[in-house]
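A.B. asks: Numbering (this note's numbering), first residue to last: 1 to 415. Here it is: the structure, laid out below.
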């Protein structure tokens, strides 16, 4: 049994979102990704205004090392949809649109998301001046739709802005570069034996936290088998992807008996009543993912007593700034929080890892090493060392796409 800690004193924190249209241009080889010598390094205090002058879209196919199985389907391929923006100070920044090919998560697909980026989304902020990415609030976008597209553009702006000032993204978001202990996701398998095999492989690689995908009929027995196999050295949580109903509260609460600390998204996103019932058992923590799309959603979940932890995904929330706002609210309310993964390439993973250093992140992020999913990443890979990934201390996200991965990719200048 666990007891939620009392809320901490609240602090008002800036909220970031953004918006962009499409300009066009393939970035010339050799263009610097950091600011030119002698340009102002404003960050705190007086802030020099900048504006976006170019945006370019790149789609890079990536081969997965193996399919990922969840209760919502099997994912066997991935294309990294990258956006690069150029600021008028010459700084270049990269972001990633992680929207899936099919409509199984939030309703935003890669086709609808890219269409939004090609259309009015980018146009609202190109050539408009701003002092810092935190100024790019919802009023710039003119819409609350397409959070993954907005996040991609905003992330690129953050990267470029940080590079122009010589600061790491982690620092700009309230954290600090260093090592982050990360977790691994174990997919849904046909049998408990197959799940155990993958779990043991992840532990052997150095992961000390495992998140097991579960579904009806593949839950308690599977989790118990994994717990017996990996022993007490690894913590376990489960992700149901909304596959259960209020009738299953007892079953899910009973997972505490086989070593589960947290159940993520146990019920449909709108079923806060069932989540509240499970949380009230105090057997396992209830972590919400799809249920929390906005700060208002978090307000509703708190009022319903339906949330103990939040999976914070910038792409689901509409940007890094919105994610920081949710993290600060979690800290004020005494909730646990962690950064979720969306099969990001190195570009998106670098930004997510920077966010994972925020002090409100109390649980291991779902951000595995590059080799966990990709045969070849688009950037220098993130390598696991003693269960941890290194968060770059260099300016911006600390990663750029490798030339050999971008060469031959479909490039599109966004007007």
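All C-beta atoms, glycine included, are put in the ideal place defined by N, C-alpha and C.
Mind checking who residue 50 pairs with in its DSSP beta bridge?
C.D. replies: Bridge partners of residue 50: 130.
A.B. asks: Okay, do the segment 145-157 and the segment 314-330 touch, 3+ Cβ pairs below 8 Å being the bar?
C.D. replies: Segments in contact, yes.
A.B. asks: Could you give the distance in angstroms between the alpha-carbon of residue 188 and the alpha-carbon of residue 213?
C.D. replies: Rounded to whole angstroms, residue 188 to residue 213 spans 5 Å at the Cα level.
A.B. asks: For residue 61, which beta-bridge partners are listed by DSSP?
C.D. replies: Paired residue(s): 79.
A.B. asks: For residue 145, which option in 370, 127, 109 and 163 has the closest C-alpha, if you only look at C-alpha atoms?
C.D. replies: Closest by alpha carbon: 109.
A.B. asks: Which one of 88, 171 and 307 has the shortest CA to CA distance from residue 394?
C.D. replies: Among 88, 171 and 307, the Cα nearest to that of residue 394 belongs to 171.
A.B. asks: Should residue 396 go down as buried or exposed, given a rule of 16 or more other Cβ atoms within 10 Å for buried?
C.D. replies: It counts as buried.
A.B. asks: Among 257, 61 and 217, whose alpha-carbon lies nearest the alpha-carbon of residue 224?
C.D. replies: Comparing Cα positions, the closest option is 257.
A.B. asks: Contact defined as beta carbons within less than 8 Å: I believe residue 344 pairs with residue 96. What is the distance between those atoms, to the nearest angstrom?
C.D. replies: Correct: roughly 6 Å between the Cβ atoms.
A.B. asks: Run the CB neighbour count on residue 178, radius 10 Å, all protein chains shown included, and call it buried at 16 or more, exposed below.
C.D. replies: By the neighbour-count rule (16 or more Cβ atoms within 10 Å), residue 178 is not buried but exposed.
A.B. asks: Distance, Cα to Cα, residue 264 vs residue 91?
C.D. replies: Rounded to whole angstroms, residue 264 to residue 91 spans 39 Å at the Cα level.
A.B. asks: State the start and end residues of the unbroken alpha helix (DSSP H) segment that holds residue 117.
C.D. replies: Neither: residue 117 is in no alpha helix (DSSP H) and is coded neither H nor E.
A.B. asks: So who's on the other strand from residue 55, going by DSSP bridges?
C.D. replies: Answer is 85, bridged to residue 55.
A.B. asks: Which residues in the same chain have their Cβ closer than 7 Å to the Cβ of residue 113, if we skip the five residues on either side of it in sequence?
C.D. replies: Cβ within range, chain order: 97, 99, 146, 148 and 149.
A.B. asks: Run through the DSSP bridge pairs and tell me what residue 410 is partnered with.
C.D. replies: Answer is 59.
A.B. asks: Report the rounded CA-to-CA distance for residue 162 versus residue 255, giving the unit in angstroms.
C.D. replies: Straight-line Cα distance between these residues: approximately 44 Å.
A.B. asks: DSSP three-state label for residue 124, please.
C.D. replies: Coil at residue 124, not helix or strand.
A.B. asks: Got a sec: is the Cβ-Cβ distance from residue 325 to anything in chain B below 8 Å?
C.D. replies: Absent here is chain B; the protein component of the structure consists of one chain.
A.B. asks: Below 8 Å between beta carbons: does that hold for residue 173 and residue 376?
C.D. replies: Not closer than 8 Å, so no.
A.B. asks: Looking at the strands, I want to know which residues DSSP matches up with residue 97.
C.D. replies: According to DSSP, residue 97 bridges with 81.
A.B. asks: Between the C-alpha atoms of residue 244 and residue 186, what's the straight-line distance to the nearest angstrom?
C.D. replies: Using only the alpha carbons, I get a separation of about 19 Å.
A.B. asks: With respect to the alpha helix (DSSP H) encompassing residue 323, which residues constitute its N-terminal and C-terminal limits?
C.D. replies: Residue 323 -> alpha helix (DSSP H) spans 320-333.
A.B. asks: Buried or exposed: residue 216, going by 16 or more other Cβ atoms within 10 Å of its Cβ?
C.D. replies: The residue is exposed, with fewer than 16 neighbouring Cβ atoms inside 10 Å.
A.B. asks: My guess is that residue 64 and residue 373 are in contact by the Cβ rule of under 8 Å, so how many angstroms apart are they, rounded?
C.D. replies: Residue 64 to residue 373, Cβ: 6 Å. Contact.
A.B. asks: Given 8 Å as the limit, is there contact between the segment 115-126 and the segment 296-304, that is, 3 or more CB pairs closer than that?
C.D. replies: No: the two stretches stay apart, fewer than three of their Cβ pairs being nearer than 8 Å.
A.B. asks: Using DSSP with H/G/I as helix, E/B as strand and the rest coil, what is residue 340?
C.D. replies: In the structure shown, residue 340 sits in coil (DSSP, three-state: anything other than H, G, I, E or B).
A.B. asks: Does DSSP put residue 366 in a helix, in a strand, or in coil?
C.D. replies: In the structure shown, residue 366 sits in coil (DSSP, three-state: anything other than H, G, I, E or B).
A.B. asks: With 16 as the cutoff for other CB atoms within 10 Å, does residue 219 come out buried or exposed?
C.D. replies: Buried.
A.B. asks: Under the assumption that residue 285 contacts residue 262 (Cβ atoms under 8 Å), give the Cβ distance between them as a whole number of angstroms.
C.D. replies: Indeed they touch by this definition, with Cβ atoms about 4 Å apart.
A.B. asks: What's the call for residue 40, buried or exposed, on a 16-neighbour Cβ count within 10 Å?
C.D. replies: Unreliable placement is indicated for residue 40, whose pLDDT of 32 sits below 50; the coordinate value is still reported in the next sentence. Residue 40 comes out exposed.
A.B. asks: How big is the Cα-Cα spacing for residue 360 and residue 175?
C.D. replies: When rounded, the distance between both Cα atoms is 9 Å.
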